[in-house]
Structure formats: structure tokens, C-alpha cells
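The structure under discussion appears below in the form of C-alpha cells.
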Amino acid sequence: MVESELRALFAQIAGGEPAGGGVDVALARRRGRARLRWRRAVVAGGSVLAAAAVVAVAVLVGPVRPAAGPPAAGPAAPRQFSPLNPYLSFGWLPAGNSLVAGGVRPEVAYLIGGRSALSPLTWNLVAYAAGQCHLIGPARELKCSTLALGGLTVRITGRAPAVRGHRAFWAGPFLVWQYAHGGWAELSLPLANASPKLTSAAKREAARRDAVKIADHVRYGAATPPLVFPVQLTHLPSRWRVSSVYYLPDAGVLRASRFALGTGNPNLGADGGLEYQTNLPYFQIDPASPKGSCYRYPNRKNFSEKSAVEIINGYLVVLTHRFLGAASAYDLCSAHAGGLALYISQHGAHPQINLASLFRDHLRLLGANPANWTRKPIG
Amino acid sequence: MGRPVVSRARDAEYTEYVAARLSSLRRLAAVLCADGQRADDLVQATLVTLYVRWGRVRAAAHPDAYARAVLVRESIHERRSGWARRVSLGGKVIDSPAVVVDQDVVLDLRAAVAALPARQRATLVLRFYCDLNVDQAAEVLGCSAGTVKSQTARALAAVRRALGPGPGSGSGGPGAVAVEHPVSPGGGGGG
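Next up, the structure:
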């Protein structure tokens, strides 16, 4: 019977195939994230997108008397953070936890602490620049408006012990406090609903004690390990700056893993300015992996993606153009370029630079050795 | 810049899930495509879709079935696009020990299956590789059970025609247009 032969044939084909083949899960995640961004952009548009990013923590508690420490005195919070200066550092984390990532953009600096980069239970510290946050009513809400994020509103649920003598509040899973004059910080506790370990009142209380201790030991504007970049850009237009950085601790330094370029005039654009500026390059750079590869879209009719493979400066690169109207994007991917894996994207219908030209003429690859990395990403 | 915690947790969940299923997805893709490179492309595209729809995947009663459906539909979509028609679908001869003894029959069978329209091939794969019944296959393909039956019947008839009379050609042979026996315990027979 042909049915039994088909079963045998299919089993034979399946049995003869390598388990993973040339499939790259990390690449799928990147592509998936990009697709989500485009989808949001296409559906919502930039400004609506920003509104969608508002975080509202709904907790059913009334106003709290503002008696948890005085308003912060002393030095004022920065009006803006420099993306090249991490600004924040943890002075203490619970045993087994360490810094797993951090980032800076002009309106916020943030740190993520946890047991590992993949752990869902992390301590997330965000410091807002001066003027970004305002206490509403009699300590009823803390409302933070950031240019890119649209805002974060937390409903205050109770008083917290003062942090270094400054007023602090609980807001659901957040501890919020005024870290300097005009500047507020928040620390999100490991989410209770993600951790059975934190469901008991005793565990929650322990997490709160840890949160207060973490907040007490945060350092602002102090020296941190150097923030270094594994590439350097040269001969760019003079107005171009690094507008945001996401970094990872790596070999004693903070390695810029992703960064965006901006021109000083934030354009909320496709992703609301969270990661990149419209029509300007956004870099994702990590040490190359032996199994790394770049996805090349097959040239299919009626598909909005086209890929081309080129050799540039001796490196194999895949250039992809996605035709999506206002949400068009250009990508350049090189899985192995001088020890680095690069993924450069430029979202928008009017790219400011050709990515092949950027790679060929403006990008110095500094290799995988941290000793060769630079604090000056734009030379 | 940095992704929020929710996004990172999502990534971790997603990665753990797909890493555990990569092998089975890759095998299914290979059966659907009969071409290793295309199977990779298909799985890669499937993984992207699964990431985008991760909320639905993890909320699904049967996430594996959802993932399989995504892959099968991607394969049908891709083969309709025209790109597949420009590449060889014959694939390479597998060197692993054959379950079917007669390699000539295997090669003919591969060619016959490769020549099927995407949906018919997917139907056969779901029925005879994934061992789904008619209703389950219909759910994956997003069509009615009757359509699955008719697609199965047409596909089997086409394969029999391609193989011609002889060992392994079943009851059909040239000119056969319908399957007369039930194709699996879970479903109906030919349409």
C-alpha cells in the first residue's frame, strides 16, 4: 500500500536530517523583535505607540500621607544622562545576584540585576532625569513622562522606609524614591506572579527588605567600569551622536551590545525612540559565535523583503531591504566580522546613510579582545 | 536599547521552548520540503513567527500543535509564492538506512511526493508522518475535514499514478482517481 510506503519515506527523510540544521534561534528572536516593532509602528504610528508603552500599575489602595522622609535635598538630578556614562551602579545586591545588563538614554539610566541574564527574576532599577517624574496629589501617584517611553505611572500603595533620608513609597511591585532633587528612581521587585517563591507574605516582605537595601546602596554618578564599544565609527556627519546604549558586563568592562545614533533631535519614529531613531543606524554587536549565521531572505515574488549577499572589506555580509512603506527598513548582517557579529538596522523610508557604505567606509572593527575596545564610539 | 524585563523573560521562555523542539521542527520541515536548505529556511521563518506570536503559543492548549501548524502553513505559503518553483524539489538521496528496501521505489516516491501541490503534500505529511486524524489535520491546515479527505485522496491518487503499476503502487495505478480504503483509523477514506 502506498500509505505504508509514504510513512516509511517520511520516516527516512526525517531520520536523515541533522537535528538543528542551519537554524539560528538567536537570529529568529532578533527578527521576531524587529517584526513586532514594525507591526506596532504600522498599526499604531509613533505617537500612539508611545502612549501604548505607558505602564500603569493598578493597585487598589488610596492616597498615602507623604510622611516617608523629606524631599531630597542636595545636588540636583541630571537634566539629561549621557549615553556614554552609565551613571548608575549597584552598591549591593542579594547573594547570588549581580549586574546582568544596563542602559542609558538621555531621559533614563537603568540597571538590571539578577542571577543570570536569562532569569525572569530580576531587580530593575531605573533613574529618571530631572523633571521627568512628578508626585501627583497627596502622594497618590508618581507619574513619569519620558520623551520616548510615553510615561510610567505608578499608583502609590504605601509608605516605604526612607532611602538615605529621602522620601520613598511602595507602588505595587515598585519601590520609588527621590534620589536627588528633581529626580526619582524606581526599583521593581522580582515579579510575584512569576515566582512561586515570592508568593508568601514572608517572601514578599523579604524581597521588600532587599529592595530597600538595594536602593540604599545605589551609587549615582560614581565611577563604574568603563563603558566600551567593540567598534568605532569615523567620518560621520558632525551632528551624529550615540543616542542610547544597552550594555552588558563583560570581562571587567561594560560592553556596549546595542547602541543607536541620533542627531540631537529625538524622533520618536517607528519604535517610539526606545531603541533607535528613524532613518538612522542602530547597532547590535556581540562577539561572533562559531554557529552564527545571517538570515538571507529568498528572493520571492510578492514578498516585501529582499536580501543580497556581498563581500565588503573581506567580510561576508547580508544586506536586506524590507519594503514596508513608512516602516521600511534596511539591515546589514555579518555573522563573522573580525571576531564580531554585527547586525545594523536602519528603520525608515529615508535612510540617512547607506549601510553598505557605512560598513565599508565608516566602521572600524575592534575585534573580540576587550583590551582593544574604545570608549569613543565616534572617532 | 535595553528590553524590559517582560521582554527578556519572554525571550528566555521562547528560547527554552524552541530549543527543545528544534529537532522535531527541523524533521517535520525536512519532510515537508525534501530539501535541507529549504527546511532550514522554513524552520527559521517558523521560529520568527512563533516569536511574534509567543503570547498565543504559550497560551495555547497544545503549544506543540500550534507550532506545527505554523510550520505547515509557512510551508504551504512559501510553496505558493513561486520561489519554490524555481528550485529543485527532488532533494538529495538520503544515505541513512532505508526503511523501504527498494531504493528505486523510494526515489520514485520522493519525486511523486515532491511534485504534489503544497497543500496536498502537507496533508500527506500530517496524516502519515504526524499521524494526525482527519479532524486534527483539518485544524492544522485551517480547512474542513472534508477537504482533508479529498486532498488526501487526490494526493494518494497522484502518487499512485506517478509510481505506475507494480510493487508498492497500491491499489490505484495509472488512472486511479480515488482511494477506496480508509487512510487512517482516525479519519475517513478517500473522497
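Top to bottom, those sequences are chains V and X.
Okay, so the first sequence: first residue is 1 according to the working numbering, each after it adds one.
Okay, so the second sequence: first residue is 380 according to the working numbering, each after it adds one.
In this text, a Cβ means the ideal position worked out from N, Cα and C, and glycines have one as well.
Bear in mind that the values here come from a model prediction, so they are computed numbers and not experimental data.
* Asked: Are any of the Cβ atoms in chain V nearer than 8 Å to that of T526 of chain X?
  -> no
* Roughly how many angstroms lie between the CA atoms of R500 of chain X and R489 of chain X, to the nearest whole one? -> 11 Å
* Buried or exposed by the 16-neighbour rule on C-beta atoms within 10 Å, applied to E453 of chain X -> buried
* Within-8 Å CB hit, D24 of chain V to chain X -> yes
* For L111 of chain V and G102 of chain V, believed in contact at Cβ under 8 Å, the rounded distance -> 4 Å
* **Environment of E205 of chain V [buried if 16+ CB atoms lie within 10 Å]** => exposed
* To do: Give the single residue among V:H321, V:Y295, V:V317, V:V212 whose Cα lies nearest to the Cα of K306 of chain V.
  => V:H321
* To do: Let me know the secondary structure DSSP gives C294 of chain V once reduced to three states.
  => coil
* Asked: chain X beta carbons: is any one of them nearer than 8 Å to that of I13 of chain V?
  -> yes
* With DSSP collapsed to three states, give me the class of C344 of chain X. => An answer regarding residue 344 of chain X cannot be provided, because it is not within the stretch 380 to 570 covered by chain X.
* **Those runs of the alpha helix (DSSP H) which lie wholly inside the region 181-247 of chain V and span at least 4 residues** => 201-217
* Using a Cβ-Cβ cut-off of less than 7 Å, give me the residues of the region 422-442 of chain X that come near chain V, in sequence order. => V422, Q423, L426, V427, Y430, V431
* Tell me, please, whether the CB atom of Y393 of chain X is closer than 8 Å to any CB atom in chain V? => yes
* To do: Give every residue of the same chain whose Cβ lies closer than 8 Å to the Cβ of G252 of chain V, excluding the five residues on either side of it in the sequence, and list them in chain order.
  => P225, P370
* To do: Examine chain V for any beta-carbon lying closer than 8 Å to the beta-carbon of L450 of chain X, and answer yes or no.
  => no
* To do: Check each residue of the region 498-523 of chain X: if its Cβ is closer than 7 Å to any Cβ of chain V, include it; give the result in chain order.
  => L503, V504, F507, Y508
* Asked: Do you know offhand how far R435 of chain X's Cα is from R30 of chain V's?
  -> 19 Å
* Give me the Cβ distance between A130 of chain V and A77 of chain V, rounded to the nearest whole Å; I'm assuming they're in contact under 8 Å. => 4 Å
* R115 of chain V: which of V:R105, V:V126, V:L99 sits nearest, CA to CA? -> V:L99
* Spell out whether any CB of chain X is found under 8 Å from the CB atom of A28 of chain V. => yes
* Asked: Looking at the C-beta of F229 of chain V, does it have a partner C-beta in chain X at a distance below 8 Å?
  -> no
* **For Q346 of chain V and A385 of chain V, believed in contact at Cβ under 8 Å, the rounded distance** => Any question about residue 385 of chain V goes unanswered here, given that chain V covers just 1 to 379.
* Asked: For Q499 of chain X, does the three-state DSSP call read helix, strand or coil?
  -> helix
* Taking only beta carbons into account, state which residues of the region 74-101 of chain V come closer than 8 Å to chain X, listed in chain order. => A101
* Within the 8 Å Cβ cut-off, does R489 of chain X reach chain V? -> yes
* To do: Provide the residue span of the alpha helix (DSSP H) that contains T428 of chain X, from first to last.
  => 415-431
* Evaluate A446 of chain X with the Cβ neighbour count: other Cβ atoms within 10 Å of its Cβ, from every protein chain shown; 16 or more gives buried, anything less gives exposed. => buried
* Asked: Is any heavy atom of the ligand SAM found at a distance shorter than 7 Å from the C-beta of A171 of chain V?
  -> Absent from the structure shown: the ligand SAM. Ligands present: none.
* Asked: Would you say A409 of chain X faces chain V, with C-beta separation under 8 Å as the test?
  -> yes
* Asked: Is the region 495-511 of chain X close to the region 519-533 of chain X, with three or more CB pairs under 8 Å?
  -> yes
* To do: Decide if I455 of chain X is buried, meaning its Cβ has at least 16 other Cβ atoms within 10 Å, or exposed.
  => buried
* Ends of the alpha helix (DSSP H) at F323 of chain V? -> Neither: F323 of chain V is in no alpha helix (DSSP H) and is coded neither H nor E.
* Kindly list, in the order they appear in chain X, the residues whose Cβ is closer than 7 Å to that of G32 of chain V. => V427, Y430, V431
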